[in-house]
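Participant:
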Amino acid sequence: DAGVTQSPTHLIKTRGQQVTLRCSPKSGHDTVSWYQQALGQGPQFIFQYYEEEERQRGNFPDRFSGHQFPNYSSELNVNALLLGDSALYLCASSYPNQPQHFGDGTRLSIL
Amino acid sequence: GESVGLHLPTLSVQEGDNSIINCAYSNSASDYFIWYKQESGKGPQFIIDIRSNMDKRQGQRVTVLLNKTVKHLSLQIAATQPGDSAVYFCAENPNQAGTALIFGKGTTLSVSS
Chain P
1 DAGVTQSPTH
11 LIKTRGQQVT
21 LRCSPKSGHD
31 TVSWYQQALG
41 QGPQFIFQYY
51 EEEERQRGNF
61 PDRFSGHQFP
71 NYSSELNVNA
81 LLLGDSALYL
91 CASSYPNQPQ
101 HFGDGTRLSI
111 L
Chain Y
1001 GESVGLHLPT
1011 LSVQEGDNSI
1021 INCAYSNSAS
1031 DYFIWYKQES
1041 GKGPQFIIDI
1051 RSNMDKRQGQ
1061 RVTVLLNKTV
1071 KHLSLQIAAT
1081 QPGDSAVYFC
1091 AENPNQAGTA
1101 LIFGKGTTLS
1111 VSS
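Taken in order, these protein sequences are the chains called P and Y. My numbering numbers the first residue of the first sequence as 1 and each following residue consecutively. My numbering numbers the first residue of the second sequence as 1001 and each following residue consecutively.
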């Protein structure tokens, strides 16, 4: 049973560019959450998707957007990249009211 | 405010010792708490969770204690092994288990043999 898978594992972009990160949830999980983890910090909640709708959003600007597909997979899009967007982006999936399980993340570096 | 158990950014123990990692949470309305272990280059790995209607829960070699009076959470690891070396995070959920997790400051556990 595959866990949460994320792609790509690493990505290098330049300021002003746009990026799309992808996540496949653990089999059967219908809820997907995205987190940003800066070096040496705990993950910070970006948003959560359930039934293809954004259910909850953290304190991130509109440059961060997402999507959930009918098969529960999800994308995170970031526009107009800033140097401060360099981080590990984590996807977590879960059943409702069950623990969130994380993928190994996408390491995004902005030059 | 100050919690009963101080948060330590690092904890060093000998193999076979018991480890106690402390965490102070911020929201008195939080009703669900989780501990995660994060190894270098990996995502957080679920260890154990506890709901606010409990004050103790045990897993395999791990125990979580919840003190709602002082908003304090602790993770006890019995017979610590080198493979337990990692960063440990506590997380709280103010709503229900499926929604946003608020992570605390991590504690780096180093186990020497």
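All residues carry an ideal CB built from backbone N, CA and C; glycine is no exception. Just so you know, these numbers come straight off a predicted model, no measurement behind them.
1. Assess contact between the stretch 1029-1044 of chain Y and the stretch 1080-1094 of chain Y, defined as three or more Cβ pairs (one per stretch) separated by less than 8 Å. Is contact present?
2. For a contact defined as C-beta to C-beta under 7 Å, what are the partners of residue 1059(Y) on chain P?
3. Should residue 106(P) be labelled buried (16 or more other beta-carbon atoms within 10 Å of its own) or exposed?
4. For residue 1031(Y) and residue 1092(Y), I'd like the C-alpha separation in whole angstroms.
5. Could you tell me whether the stretch 97-111 of chain P touches the stretch 16-26 of chain P, where touching means 3 or more Cβ pairs closer than 8 Å?
6. How is residue 111(P) classed by DSSP in three states: helix, strand or coil?
7. Under DSSP, the beta strand (DSSP E) around residue 47(P) begins and ends at which residues?
8. Counting along the chain, where does the beta strand (DSSP E) carrying residue 95(P) start and finish?
9. How long is the line joining the alpha carbons of residue 1078(Y) and residue 1057(Y), rounded to whole angstroms?
10. Which of the three DSSP states, helix, strand or coil, is assigned to residue 1083(Y)?
11. Does residue 1033(Y) get closer than 8 Å to chain P when you measure Cβ to Cβ?
12. Using a Cβ-Cβ cut-off of 8 Å, state whether residue 1069(Y) counts as contacting chain P.
13. Taking all protein chains shown into account, do 16 or more other C-beta atoms lie within 10 angstroms of the C-beta of residue 48(P), making it buried, or fewer, making it exposed?
14. If you count every other CB in all the chains shown that lies within 10 Å of the CB of residue 1002(Y), and 16 or more means buried, which is it?
15. For residue 1088(Y), which beta-bridge partners are listed by DSSP?
16. Decide if residue 1004(Y) is buried, meaning its Cβ has at least 16 other Cβ atoms within 10 Å, or exposed.
17. In this structure, how does DSSP classify residue 85(P) when only helix, strand and coil are distinguished?
18. For a quick check, are the C-beta atoms of residue 1063(Y) and residue 1111(Y) less than 8 Å apart?
19. Could you please give me the residues that DSSP links to residue 68(P) through a beta bridge?
Facilitator: According to the data block:
1. Because the criterion of three Cβ pairs below 8 Å is met, the stretch 1029-1044 of chain Y and the stretch 1080-1094 of chain Y touch.
2. Here the premise fails: no neighbours, minimum Cβ distance about 12 Å.
3. buried
4. Answer to the nearest angstrom: the Cα atoms are 8 Å apart.
5. yes
6. coil
7. 44-50
8. No beta strand (DSSP E) holds residue 95(P); DSSP gives it neither H nor E.
9. 14 Å
10. helix
11. So no, residue 1033(Y) is outside the interface.
12. Cβ-Cβ to chain P under 8 Å: no for residue 1069(Y).
13. buried
14. Bear in mind that a pLDDT of 31 at residue 1002(Y), under 50, signals an unreliable position, so the model cannot answer this.
15. 1037(Y), 1107(Y)
16. In this prediction, residue 1004(Y) has a pLDDT of 33, which is less than 50 and means its spatial position is unreliable; what the coordinates show is noted afterwards. Classification for residue 1004(Y): exposed.
17. helix
18. No, they are not a contact pair.
19. 74(P)
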